[in-house]
Every structure is written in C-alpha cells, then in structure tokens.
Amino acid sequence: MTASRVSTCLWFDRDAEEAAAFYVSLLPNSRIGAISRYGPGAPLPEGTALVVPLTLDGTPFALLNGGPHFRLTEAASIMVACDTQTEIDRLWDRLTADGGAPGRCGWLKDRYGVSWQIFPSILPALMTGPHKARVVAAFMPMTKLDIATIEAAARGA
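When the letters of the sequence shown are read in order and numbered with our numbering, they come out as residues 2 to 158.
Here it is in structure tokens:
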C-alpha cells in the first residue's frame, strides 16, 4: 500500500476486519494492508483488529474497531462513480444485501452502517446547463439511480 498523507478513518464497533474484506471484494484496485491488533489488557479482546488499513479502487481508508461509543451516520458517505448501469446494479445489490438498506437519490446504507452514494459518472456533467432542473427532478424520487432515465431527462424526453 502506498502511504498517503490524507485518508478517511471509519469507526466500527468490532466488524472492521469483516467489513474491509467485503469492501475490497467490491471494487478493482482494492486491498487490505497490515492489520494492527489489540494486545492483552486492551478494551477489546486480544487479537481483535484495531486498525484495518485498506485501499478501495486506489483510495486509502482505515477502519477502526473502537467499540460501541460512536455510530456511523449518513453525515459521511463513500461515493462511487459508475460508468454503467450494470456496475450500479451490482454494487447496489451487494451493498444493500444482508441487512443493508436503500436510501434516496442513489444513497444506501450497508449492513455495517456505512453510507454509500452509488451514482452514474455522467451525473455531475448532466447537472449543469439548462437541463439541470429536469435531471434533478428525474433522480430525486429514485432510490437506485437509473442512467437511461436520467439521460432521457437531460434530453428532454
């Protein structure tokens, strides 16, 4: 793993290692780094992952098992720009499975409580110019975003 001066750390109760393995299975160019573990007399059982460094499609993250003191919220989310509807569908289905939940406008929460935004990579460009209002009106009521419907709205169809 390459060191980065800036990365994101997400607080988990005890599922950081399991979550990291799941996340790296979702995206190419992803992997887990050297995991640090709790030792004897620590707040969590000895051997439990303390910090799990990982890279998701080239972006560094750290997952921390810190206990139940803090909860993940929608105030922060992982954004994934997708080039195809197939990619949106695959990520959406995997992330909402086994206890995850869909949200509005391409947002969802996975089974670990992490919020994600799964959106078409063309969306930022479509949200500029005279067709912006139609594009926003098209995707606002959606849960999982549909590229064809958003592109049709941009064309005025």
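Don't be surprised by glycine CBs; every beta carbon is placed ideally from N, CA and C.
Model, not experiment: these values are computed from the prediction.
Give the single residue among the options whose Cα lies nearest to the Cα of residue i.
i	options	result
Leu57	Ala82, Ser37 and Thr49	Ala82
Asp16	Ala77, Thr97, Gly67 and Ala76	Gly67
Asp99	Arg6, Met141, Phe23 and Val53	Phe23
Ser5	Arg38, Pro54 and Ser26	Pro54
Glu19	Ile36, Thr9 and Gly130	Ile36
Ala138	Cys106, Ile123 and Trp117	Cys106
Met80	Leu28, Met141, Lys133 and Pro142	Leu28
Asp14	His132, Pro125, Trp117 and Pro69	Pro69
Arg38	Asn30, Gly48 and Arg156	Gly48
Compare the beta carbon distance of residue i and residue j with 8 Å and say whether it is the shorter of the two.
i	j	result
Leu64	Leu11	yes
Ala149	Arg135	no
Thr119	Ile151	It should be noted that the sequence gives Ile, not Thr, for residue 119. Against a cut-off of 8 Å, the Cβ pair of Ile151 and Ile119 comes out as no contact.
Val115	Leu73	yes
Asp111	Leu96	yes
Phe62	Thr9	yes
Thr144	Pro103	yes
Ala21	Ile33	yes
Leu109	Trp117	yes
Determine, using beta carbons only, whether residue i comes closer than 8 Å to chain B.
i	result
Val136	Considering every chain present, this structure includes no chain B. It has just one protein chain.
Mapping DSSP to helix, strand and coil, what is residue i?
i	result
Pro61	strand
Arg135	helix
Arg72	coil
Pro125	helix
Leu51	strand
Val81	strand
Arg6	coil
Thr150	helix
Thr144	coil
Ile119	strand
Arg102	With the sequence shown as reference, residue 102 is identified as Ala, and Arg is not the correct amino acid for it. It is a strand residue.
Terminal residues of the continuous alpha helix (DSSP H) containing residue i?
i	result
Leu11	Looking at the DSSP string, Leu11 is not in any alpha helix (DSSP H); the run it does join, the beta strand (DSSP E), is Thr9 to Phe13.
Leu92	Gln86 to Thr97
Leu27	Ala17 to Leu27
How close, in whole Å, do the beta carbons of residue i and residue j come, if the pair is a contact with beta carbons under 8 Å?
i	j	result
Leu146	Pro121	6 Å
For residue i, report the span of its beta strand (DSSP E) as first-last.
i	result
Leu109	Trp108 to Lys110
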